[in-house]
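Visitor: First residue of the sequence shown: 43, per my numbering; consecutive thereafter.
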Amino acid sequence: MPDIVKKYLEKIKEFWNKYNKKQKTIFISSVLVAIIALVILGIVLAQPQTVVVRYCSTASEATEVRELLTSNNISCTVGSDFEIIIDKNDEVEAQLVLGSNNISSSGYSLSDALSGGFSQTQDDKEKLYKDYLEKKFADQLSKIDGIKSAQVSIDFKNATSIFQENQDAYINAVLVTTKTIDEATAEAIGLLLANNVGNSNTNNVVVLDDKGQLLYSGITDATSASSSLSVQYKYQKQVQTNMEAGVKKLALATQNYSDAEVMANLKFNADVVNQIVQEYTVPTGSEEGLKSTSYEVDSTNGTGSGGVAGTESNDDDTGYELTNGTTTSGEYSLRQYDWLQNSTYTDTKKAALSLELDQSSLAIILTRYEVVSEADLTAQGLLGDMTYEEYKLANSAPVSIDVEDDLAQLIANGTGIAAGNIAISANMKYVFLETEKSSTPVSFIIQIVLAVLIVALLVFVVFRSARPVTVEETEPELSVEDMLASTREKQAPLEDIDLQDKSEARKAIEKFVQENPEAVAMLLRNWLNEGWD
């Protein structure tokens, strides 16, 4: 193991020694600069960006807001002026939490309209403040998951000034959505808009999506016919959509079909029924029916004779002496009995909008796709004398197939709709695979060429930067004597002069020297004198 480490260390050392001192300095400096830049960038990016979500007037209010945000997993700090500071990434979530709890956030206050380049006139301030709120709300809503963009309009026409308190504004928001917005999110958006603009309630807030569907309305008047119809229609569509999706999922779960289309015809009853049932309990051991009231009647009649008026004696059975004649008497009595019964009252109030399954029906179309290829048909001998194109043309139309006998009952058990009210149709359709052709798109070739060029360029740059610089050794300066000696050594030897061959000019000069030696001596003397001068 130490030998391997030593071997690699020697290779690293050898690689490092290929560079001169200047290259090593540049390399080390570049690495240090890159490291310092990365450290600075990391520190800057690691610093959290904070925003003030609300300015509180008292310490108790700041504590309440902090506890509310903390309970919703939003970290926050309280500043010296009781301002609530949060991470910028949590700004939208904090706005929704505060709005849902009827606490308006900061950023939508009067100070925003009066600062930062607003005009001095009151009307201009109001217009700029309104425009500021609309843009601010649109920006906040676009940060919510499922909302691509938003357009918000605010109308303060019912207030003499938008800066007056307790003036409810009309707020309309249109959302461009990327997915379905649930009711809880839509309600939170409505509360956010109402509270942050200063409304006392959400009655004037309307939220729509880009398809024109009503997501939220703050209208609370349940007696309104249009509002009631809208709620009923929304409920019916939701029930119908859920049932169709459930039936499709159930049909495809049999794994006998590739696709299903379901249409539900649901009947709803919007009548409100209030039914009161009273039951009487027969006392234990009673042999007769229940009594509510009974009557007893007694009637007696009689006659008698009267004695002679005056002092004469009368018989013992003689009545009061009135007149001389007969008397009659009668008695009648009526007794009524009211019985206290043991009874139970049941008050049943049926739903205002109920689904009547016995009058509802379903229509289902099932499709089974059969994937075939020319190779499969040829192997099975199904083509016969036809070509593949002729076979595709002959079998392009869907073919009806039989439906399982228990499928209707299976769907009936899952939905509650009678099997007799479920109509099912199934068909089979061929999907023909085309023969693959090996064709390379031009764009793919261009991408490959560009990739090769980029890789080659990178390799060239790396090679040039990694290649060691050739150090040229400077030759020492030579003296004049050395240069002359070197020149003599390198000079090619002169050819021997043929002394026997003399030119005519040479012969003429020699003759002149012999005949005029004095003139030649003088000429030579003059030439030497001129050369030294």
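For every residue, glycine included, the Cβ atom is placed at its ideal position computed from N, Cα and C.
#1: Name the DSSP bridge partner or partners of GLU338?
#2: Taking the beta carbon of TYR411 as the centre, do at least 16 other beta carbons fall within 10 Å, making it buried, or is it exposed?
#3: Rounded to the nearest angstrom, what separates PHE69 and GLN91 at their Cα positions?
#4: Could you check whether the region 288-295 touches the region 248-258, counting it as contact only if at least three pairs of C-beta atoms, one from each stretch, sit closer than 8 Å?
#5: When the Cα atoms are used, what is the spatial distance from ASP340 to ILE318?
#6: Quick one: what's got a C-beta closer than 7 Å to GLU133's C-beta in the same chain, skipping five residues either side?
#7: Closest by CA to LYS185, which one among LEU140, VAL304, ASN131 and TYR212?
#8: Say whether the region 182-196 touches the region 213-223, bearing in mind that this needs 3 or more beta-carbon pairs closer than 8 Å, one atom from each stretch.
#9: So who's on the other strand from GLN280, going by DSSP bridges?
#10: Is the region 458-468 close to the region 441-448, with three or more CB pairs under 8 Å?
#11: Give the straight-line distance between the Cα atoms of LEU235 and GLY141, rounded to the nearest whole angstrom.
#12: Please classify PHE310: does DSSP put it in a helix, a strand, or coil?
#13: Alpha carbon to alpha carbon, what distance is there between LEU449 and ASN311?
#14: In whole angstroms, what is the alpha-carbon distance linking ALA104 and ASP129?
#15: With 16 as the cutoff for other CB atoms within 10 Å, does ARG587 come out buried or exposed?
#16: For a quick check, are the C-beta atoms of TYR277 and LEU395 less than 9 Å apart?
#17: Could you give the C-beta distance for ALA306 and GLN282, rounded to a whole number, given that I count them as a contact under 8 Å?
#18: What are the start and end residues of each continuous alpha helix (DSSP H) run of 4 or more residues lying completely inside the region 193-252, in chain order?
#19: Reducing DSSP to helix, strand and coil, say where THR429 ends up.
#20: Relative to the C-alpha of THR609, which residue among GLU321, TYR472, LEU376 and ASN463 is closest?
#21: Use the C-beta contact count for ARG377: other C-beta atoms within 10 angstroms, 16 or more gives buried, fewer gives exposed.
#22: Within 10 Å of its beta-carbon, does LEU138 have 16 or more other beta-carbons around it, so buried, or fewer, so exposed?
#23: One question on the structure: do LEU397 and LYS309 come within less than 9 Å of each other, judged by their Cβ atoms?
#24: When burial is assigned at 16 or more other CB atoms within 10 Å of the CB, is ILE459 buried or exposed?
#25: Looking at the strands, I want to know which residues DSSP matches up with VAL473.
#26: Three-state secondary structure (DSSP) at ALA465?
#27: Can you tell me whether ILE406 is buried or exposed, with buried defined as 16 or more other CB within 10 angstroms of its CB?
#28: Would you identify the three-state DSSP class for LYS319, choosing helix, strand or coil?
#29: Could you give the residue range of the beta strand (DSSP E) that holds THR92?
#30: Please list, in chain order, all residues of the same chain as SER375 whose beta carbon is under 6 Å from its beta carbon, the five residues on each side excluded.
#31: Taking LEU475 and SER402 to be in contact with their CB atoms under 8 Å, please state how far apart those CB atoms are, rounded to whole angstroms.
#32: Assign ASP301 to one of three DSSP states: helix, strand, or coil.
#33: The beta strand (DSSP E) with LEU140 in it runs from where to where?
#34: Quick one: measure Cβ to Cβ for ALA136 and ILE116, integer angstroms, because I've assumed they're closer than 8 Å.
#35: I believe LEU183 touches ILE231 by the beta-carbon criterion, under 8 Å. Please report the beta-carbon distance rounded to the nearest angstrom.
Guide: So, to answer that:
#1: GLU338 is bridged to ARG377.
#2: exposed
#3: 36 Å
#4: no
#5: Their Cα atoms are separated by approximately 40 Å.
#6: Answer for GLU133: VAL93 and VAL95, listed in chain order.
#7: ASN131
#8: yes
#9: According to DSSP, GLN280 bridges with nothing at all.
#10: Yes, the region 458-468 is in contact with the region 441-448.
#11: 8 Å
#12: Here PHE310 carries a strand assignment [DSSP, helix/strand/coil].
#13: 28 Å
#14: 17 Å
#15: Because the chain here runs from 43 to 575, residue 587 falls outside it and cannot be looked at.
#16: In terms of Cβ geometry, TYR277 and LEU395 form a close pair [threshold 9 Å].
#17: 5 Å
#18: 225-239
#19: coil
#20: Residue 609 lies beyond the residue range present for the chain, which begins at 43 and ends at 575; the question has no answer from this structure.
#21: With fewer than 16 neighbouring CB atoms inside 10 Å of its own CB, ARG377 falls in the exposed class.
#22: The residue in question, LEU138, is buried, as its Cβ has 16 or more Cβ neighbours within 10 Å.
#23: When the beta-carbon positions are compared, LEU397 and LYS309 come within less than 9 Å of each other.
#24: buried
#25: VAL413
#26: strand
#27: buried
#28: The amino acid at residue 319 is misidentified as Lys; the sequence shows Val. VAL319: strand per DSSP, three-state reduction.
#29: 92-97
#30: ASP340
#31: Contact flag wrong, Cβ pair sits at about 41 Å.
#32: Reduced to three states, the DSSP call for ASP301 is strand.
#33: Per DSSP, LEU140 belongs to no beta strand (DSSP E); it is in the alpha helix (DSSP H), 133-142.
#34: About 5 Å separates the two Cβ atoms, so the contact holds.
#35: 7 Å
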